[in-house]
Amino acid sequence: MSDILNAVLVMLTAVITVTGDVREIPSIWCKLVCSFNYCLIIASMMTMFFIGVDRYFSIVYLFQHRDLITKYVIYGFISWSWIQGIAFGVVPPIIKGWVHYDYWEAICAIDWNMEGTVIYVIAAFTMCFAIPFVGLVFIYSSIIKAAFTKNSKRLEENRAHKDIKLILSLFTIVVLFFIFMAPFCVTKLLKVIKYRLDNRVSTAASILQYMASACNPFVYAIYRPDMRKGLKKLFFMNQMSLLNSRRVSQATIRARYYSPNAKEGWNSSRGELNGSATFLAV
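Using mature numbering (1 follows the signal peptide of the UniProt record, and there is no 0), the letters of the sequence shown map in sequence onto residues -20 to -1, 1 to 262.
The structure is reproduced here in structure tokens:
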């Protein structure tokens, strides 16, 4: 949900400002976009973390998983992700009014010259990026350790193959989380301590942040067979739609050039062309 909302509410604004080379946008919309941006990014990062927590208990504590991770615990995870996102999302634009349009980030962001931004950014960096990232590394390291322990006790080729796939999937998640989220979070921390960054670095950090929303559904699909099936159906439907549109275009072309009216028009135009050629020859 957070990735879809980010694409609709934040990325669309960024695309409009970049294509139109916009230098300033209305204050109210700027505040809303900034609030949506921070809220949705934080909710997405926390969701990735809580997915890791759920996977940890489902693999390390296989038989106690359903007793430990109940539906109410899952509701708590979801609520925590959104409450933390909203809490950090409303402070800069709405409560403190720290926001301005950053041309190089192509989005509304915090004005780092405003008083109080240091405390906010350090708190957001610690609670929304550093702790979840360290937690993910610990969780997936424990899962990998548990997988190797099981393989040492029972050397089954099928089980070993599944565990290798699991390890690669977990490694992919941690790497993607760091690649996409680290530049966005670290650049904010550097800016607030008055470190001078190249403008292109800010642009690259924004692009990577947007790419995270595009990749997250595929990351979620690693663990969810139903999501994998849904993505396959979506891809298949797009392919069928493209194929049908090509067939319709080909049928339309054939109808135009092979219908009786089309032939008459072609013959008459060809006759006019021959007449013109004869006239020129004379």
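All residues carry an ideal CB built from backbone N, CA and C; glycine is no exception.
| Query | Result |
| --- | --- |
| Express the C-alpha separation of F164 and S182 in angstroms, rounding to a whole number. | 8 Å |
| If the criterion is Cβ atoms closer than 8 Å, does the pair G69 and C108 meet it? | no |
| Check this for me: beta carbons of C14 and V79, under 8 Å apart or not? | yes |
| Rank E85, A127, I111 by C-alpha distance to the C-alpha of R3 and give the top, closest one. | E85 |
| Would G96 pass as a contact of K76 if the rule is Cβ separation under 8 Å? | yes |
| To the nearest angstrom, how far is the alpha carbon of T129 from that of G56? | 31 Å |
| Can you tell me the Cα-Cα spacing of T(-8) and R176, whole angstroms? | 26 Å |
| What span of residues does the beta strand (DSSP E) with D82 cover, start to end? | 79 to 82 |
| Who are A89's beta bridge partners in DSSP? | H80 |
| Could you give the uninterrupted runs of the alpha helix (DSSP H) lying entirely in the region 91 to 133, keeping only those of 4 residues or more? | 97 to 105, 111 to 133 |
| Would you check if there are 3 or more beta carbon pairs closer than 8 Å linking the region 28 to 47 to the region 105 to 120? | yes |
| I90 to F37, Cα distance in whole Å? | 38 Å |
| Go through its chain and collect everything with a Cβ distance to L170's Cβ below 8 Å, but skip five positions before and after it. | L177 |
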